[in-house]
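*Asks:* So for the sequence shown, my numbering puts the first residue at 69; every next one is plus one.
Ideal Cβ placement from N, Cα and C applies to all residues, glycine included.
Since this is a predicted model, take the numbers as computed values, not measurements.
Please see the structure below; I have some questions.
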Amino acid sequence: MFLSLPAVEKIVKESGKIEAQELVKAVETARHLEVPLEEVLVGRRLMAAAELGQMLAQAQGIAYVDLRTLAVPKEVLKLVSEEFAVNRHVVPFKVEKGVIFLAMEDPTDLEAVEFVKKHTGYEVRPAYADRFSIQLALKGYKRSLKEEFAELAEKTMVKAAGQVSVADLAKDVSVVKAIDTILEFAVVEEASDIHIEPLSNEVVVRYRIDGVLHDVLNLPKELQPALVARIKILANLKLDETRLPQDGRMMFKSEGGEKVSLRVSVLPGVEGEKVVLRILEEVLQHFSLATLGLTPEQGKTVQAGIKKPHGMVLVTGPTGSGKTTTLYTILGLLNTVGVNISTVEDPVENRIRRVNQTQVNPRAGYVFAKGLRSLLRQDPDIIMVGEIRDKETAKIAVNAAMTGHLVLSTLHTNDAPGAIPRMLDLGIEPFLLASTLELVVAQRLVRKVCSACKVEYPGEKDWGKVLARVIRDKERLAQVTAMLPKKFMKGRGGPRCRYSGYRGRVGIFEVMRVGEAMRELIAARAAIGEIKQQALKEGMETMLMDGIRKVGQGVTTMEEVLRVSLE
69 MFLSLPAVEK IVKESGKIEA QELVKAVETA RHLEVPLEEV LVGRRLMAAA ELGQMLAQAQ
129 GIAYVDLRTL AVPKEVLKLV SEEFAVNRHV VPFKVEKGVI FLAMEDPTDL EAVEFVKKHT
189 GYEVRPAYAD RFSIQLALKG YKRSLKEEFA ELAEKTMVKA AGQVSVADLA KDVSVVKAID
249 TILEFAVVEE ASDIHIEPLS NEVVVRYRID GVLHDVLNLP KELQPALVAR IKILANLKLD
309 ETRLPQDGRM MFKSEGGEKV SLRVSVLPGV EGEKVVLRIL EEVLQHFSLA TLGLTPEQGK
369 TVQAGIKKPH GMVLVTGPTG SGKTTTLYTI LGLLNTVGVN ISTVEDPVEN RIRRVNQTQV
429 NPRAGYVFAK GLRSLLRQDP DIIMVGEIRD KETAKIAVNA AMTGHLVLST LHTNDAPGAI
489 PRMLDLGIEP FLLASTLELV VAQRLVRKVC SACKVEYPGE KDWGKVLARV IRDKERLAQV
549 TAMLPKKFMK GRGGPRCRYS GYRGRVGIFE VMRVGEAMRE LIAARAAIGE IKQQALKEGM
609 ETMLMDGIRK VGQGVTTMEE VLRVSLE
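Quick look at the structure:
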């Protein structure tokens with residue numbers, strides 16, 4: 069490690085870049101979770117990675133390089149082996165007049181410097197680079213997935229054609245390498261899901277990147293049983309069960325040393341078993357609300373809601389809108405030494421240190437309602453229920469919120485005000501809901517404009533007319549139209565974003581706090597229109613409004629915002 073936690077804390081404190089209280093919280097989190105302070109500071113967006121890296125390097129009198137801004141030539145990368153670069157967290161980025169410039173996460177690693185000097189014949193000039201930019205630069209070593217797979221597929225085909233059992237073939241080196249390569253490239257491409265789909269004459273591998281599926285590989289049909297069997301072994305599933313669906317979980321260690329957790333689903337189909345692997349991020353507890361895309365005002369409202377000693381906080385939206393990510397981020401913020409946090413989930417997607425997590429098992433009779441009852445006997449301060457699906461779970465959750473617990477959960481509704489009629493439909497008495505509900509967050513995910521090919525362009529459409537077709541309320545229409553920016557940004561398309569113009573996703577939100585006026589409306593079973601008007605009167609912005617603001621900031625495009633938030 070380049071600098072110890074106290075050393076980083078001292079440098080940041082003396083810089084005055086962060087408020088003392090925020091720094092204290094970040095230090096507590098870093099110690100509590102046993103992670104570097106730099107990771108927490110960057111994850112919570114208290115400082116940009118480049119700004120922090122520059123500061124730390126300057127304090128030690130060492131040069132700093134931001135590899136995010138450099139295109140490192142392949143011939144320079146090849147001067148240092150990929151294995152050594154990954155293991156020692158170093159990246160050669162320039163050669164000039166007999167000197168090789170070496171970006172290092174730990175510039176004091178003299179052994180690494182001597183090794184590079186000996187094996188390249190160049191003098192070595194080390195520079196500090198933060199781990200985030202080094203991880204990005206290490207991806208430059210990769211060939212395309214098709215290039216990596218060409219030789220592997222040929223070797224695997226030869227063995228698959230022989231008299232070898234599926235179980236033995238699944239343990240073969242070439243099959244093991246094939247699955248590792250598919251997983252490794254999914255991590256490199258920042259995919260959220262991997263689909264291995266059998267067709268009549270081939271197997272298609274697809275990655276879901278930024279919410280969109282991309283075909284990345286076509287393999288011979290003969291490979292399908294071996295690939296599925298290998299995944300079943302890793303996920304501890306039954307090899308001989310091919311008629312029923314199976315679900316499991318597995319771990320994968322990437323070449324960069326990063327541990328990746330995956331949720332596995334195997335589904336029997338007409339052409340064979342289809343496998344879907346969900347890549348689960350296990351660093352969400354380091355994130356802040358700003359990381360997710362909430363504005364400072366929205367963040368303050370959420371912080372105020374989750375700091376209540378008891379009550380209910382709901383996150384709403386359709387499947388795939390990032391609800392679980394938001395809940396885990398909130399749990400990360402609440403996860404301190406002085407509280408007992410317990411969860412019941414379906415399934416446990418991310419494991420959080422010092423949070424008691426349980427997973428429902430319907431076959432064994434362990435459902436949300438039963439799990440929630442059991443959690444209440446565990447002396448919890450904070451309870452997270454993965455989803456409120458039925459009347460029984462809803463009633464137990466409301467009772468828990470009334471009896472001194474902070475309850476976090478999700479609902480499937482289109483907007484924040486819609487959570488109220490949904491809870492009433494589940495049989496919750498209006499006066500109970502009015503006294504327990506503290507906050508509702510509704511959200512969607514929009515794709516971000518690719519930073520590598522971002523360009524400015526004039527508005528191609530009269531967006532005011534487009535909005536007029538979906539917003540009937542004249543006052544609301546005028547308010548939303550007034551927010552339309554004069555300049556727009558879009559991605560031209562390039563290799564980094566697969567020529568889509570988008571890279572990464574961010575949330576657009578509706579944050580509705582429940583004040584006294586709102587409680588009176590809930591208790592009186594007011595119509596959804598009245599509830600929405602009151603929420604807007606108390607400062608709530610709709611997802612469409614939040615999205616248009618992000619368009620003006622160059623984060624996303626109007627097409628994306630309207631795609632997910634048409635009212």
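(1) From the DSSP output, read off the bridge partner residues of leucine 474.
(2) List the residues that DSSP assigns as beta-bridge partners of proline 160.
(3) Is the CB-CB distance between glycine 575 and leucine 513 below 9 Å?
(4) Can you list, in chain order, the stretches of the alpha helix (DSSP H) that have 4 or more residues and sit fully within the segment 535-599?
(5) Ignoring anything shorter than 4 residues or poking outside the segment 298-364, list the alpha helix (DSSP H) runs there in chain order.
(6) So the alpha helix (DSSP H) alanine 246 belongs to, where does it begin and stop?
(7) Exposed or buried, which one is methionine 557 when buried takes at least 16 other CB atoms within 10 Å?
(8) By the three-class DSSP mapping on this structure, what secondary structure does glutamate 270 have?
(9) Identify, in the order they occur along the chain, each residue of the same chain with its Cβ nearer than 7 Å to the Cβ of leucine 105, setting aside the five sequence neighbours on each side.
(10) Spatial neighbours of glutamate 598 within its chain, please: CB distance less than 8 Å, with the 5 preceding and 5 following residues excluded, ordered by chain position.
(11) On the DSSP bridge assignment, give the partners of proline 194 in chain order.
(12) If you drop the 5 nearest sequence neighbours on each side, which residues of the same chain put their C-beta closer than 6 Å to that of glycine 361?
(13) Would you mind working out which of His282, Gly607, Phe70 and Val453 sits nearest glutamine 126, comparing C-alpha positions?
(14) Does the beta-carbon of aspartate 198 have 16 or more other beta-carbons within 10 angstroms, so that it is buried, or is it exposed?
(15) Alpha carbon to alpha carbon, how far is histidine 187 from threonine 394? Give it in angstroms, no decimals.
(16) Hey, how far is the Cα of valine 475 from the Cα of isoleucine 450?
(17) Under 8 Å, with one C-beta from each stretch per pair, do the segment 474-493 and the segment 376-384 reach the 3-pair mark?
(18) Kindly list the residues whose CB is nearer than 6 Å to the CB of isoleucine 24, restricted to its own chain and excluding five residues on each side of it in sequence; keep chain order.
(19) Beta-carbon within less than 7 Å of proline 553's beta-carbon, same chain only, minus the 5 sequence neighbours each way: which residues are those?
(20) Please report the Cβ distance between glycine 166 and glutamate 143, rounded to the nearest whole angstrom; I am assuming they are in contact, meaning their Cβ atoms lie under 8 Å.
(21) Tell me whether the beta-carbon of isoleucine 374 lies closer than 9 Å to the beta-carbon of isoleucine 398.
(22) Rounded to the nearest angstrom, what separates lysine 85 and alanine 116 at their Cα positions?
(23) Rounded to whole angstroms, what is the Cα-Cα separation between arginine 544 and leucine 479?
(24) For the segment 608-627 and the segment 516-525, state whether three or more C-beta atom pairs, one from each stretch, are separated by less than 8 Å.
(25) Measure the beta-carbon distance from phenylalanine 52 to alanine 510 and round it to whole angstroms, keeping in mind my assumption that it falls under 8 Å.
(26) Skipping 5 residues on each side, what residues in its chain have a beta carbon closer than 6 Å to that of valine 351?
(27) Could you check what DSSP says for arginine 659 in three-state terms: helix, strand or coil?
(28) Quick check for students: name the residue ranges of the alpha helix (DSSP H) that lie wholly in the segment 82-142, counting only runs of 4 or more.
(29) I'd like to check one pair, glycine 572 with glutamate 561: are the Cβ atoms closer than 9 Å?
(30) On the criterion of 16 or more Cβ atoms from any shown chain inside 10 Å, does glutamine 353 qualify as buried, or is it exposed?
(31) Less than 9 Å between the C-beta atoms of proline 288 and glutamate 265, yes or no?
(32) Using the rule of at least 16 other Cβ atoms within 10 Å of the residue's Cβ for burial, across every protein chain shown, is tyrosine 567 buried or exposed?
(33) Are the CB atoms of valine 133 and phenylalanine 161 within a distance shorter than 9 Å?
(34) So, for isoleucine 168: in the same chain, excluding its five sequence neighbours on each side, which residues have a beta-carbon less than 6 Å away from its beta-carbon?
(35) Helix, strand or coil: which one does DSSP assign to leucine 517?
(36) Cutting at 8 Å between CB atoms, please list the residues of its own chain near methionine 613, excluding the five before and the five after it.
*Replies:* Quick answer:
(1) The secondary-structure analysis by DSSP pairs leucine 474 across a beta bridge with Gly379 and Ile450.
(2) Leu170.
(3) Closer than 9 Å, so yes.
(4) Complete alpha helix (DSSP H) runs here, min 4: 542-549 and 584-591.
(5) Qualifying alpha helix (DSSP H) stretches, in chain order: 357-360.
(6) Annotation: the continuous alpha helix (DSSP H) that includes alanine 246 extends over 241-256.
(7) Within 10 angstroms of the beta-carbon of methionine 557 lie 16 or more other beta-carbons, which makes it buried.
(8) Strand at glutamate 270.
(9) Only Leu73, Val76, Glu77, Ala94, Val95 and Ala98 meet the Cβ criterion.
(10) Excluding residues within five positions, the ones whose Cβ falls inside 8 Å are Leu589.
(11) Its beta-bridge partners are Leu170.
(12) Within its own chain, the residues whose Cβ lies closer than 6 Å to the Cβ of glycine 361, once the five positions on either side in sequence are excluded, are Val574 and Gly575, listed in chain order.
(13) Distances from the alpha-carbon of glutamine 126 to those of His282, Gly607, Phe70 and Val453 put Phe70 closest.
(14) Aspartate 198 is buried by the Cβ-count criterion.
(15) C-alpha separation (whole angstroms): 47 Å.
(16) Taking the straight line from one Cα to the other gives about 6 Å.
(17) Yes, the segment 474-493 touches the segment 376-384.
(18) Residue 24 falls outside the range modelled here, since the chain spans only 69 to 635, and no answer is possible.
(19) Its chain contains Val619 and Gly620 as the residues whose beta carbon lies nearer than 7 Å to that of proline 553, once the 5 sequence neighbours on both sides are disregarded; these appear in chain order.
(20) Wrong, their Cβ atoms sit about 16 Å apart, outside the cutoff.
(21) The Cβ-Cβ distance between isoleucine 374 and isoleucine 398 falls below 9 Å.
(22) Taking the Cα positions, lysine 85 is about 11 Å away from alanine 116.
(23) Each residue's alpha carbon lies about 26 Å from the other.
(24) Touching, per the Cβ criterion.
(25) Since the first residue of the chain shown is 69 and the last is 635, residue 52 is not available in this structure.
(26) Annotation note: pLDDT 46 at valine 351 (below 50); position unreliable, no value reported.
(27) As shown, the chain starts at 69 and ends at 635. That puts residue 659 outside it, with no answer to give.
(28) As for any alpha helix (DSSP H) of minimum length 4 sitting wholly inside the segment 82-142, the runs are 88-101, 105-111 and 117-127, ordered along the chain.
(29) The question names glutamate, but residue 561 in the sequence shown is glycine. Contact flag unset, no.
(30) With a pLDDT of only 44 at glutamine 353, under 50, the local geometry of the prediction cannot be trusted, and no value is derived from it.
(31) No; because the gap between Cβ atoms is not below 9 Å, this pair is not in contact.
(32) Note on tyrosine 567: under 16 other CB atoms within 10 angstroms of its CB, so exposed under the neighbour-count rule.
(33) Closer than 9 Å, so yes.
(34) Here the set comprises Pro160, Thr188, Tyr190 and Val192.
(35) With the sequence shown as reference, residue 517 is identified as valine, and leucine is not the correct amino acid for it. In the structure shown, the three-state DSSP call for valine 517 is strand.
(36) Gln547, Val548 and Met551, listed in sequence order.
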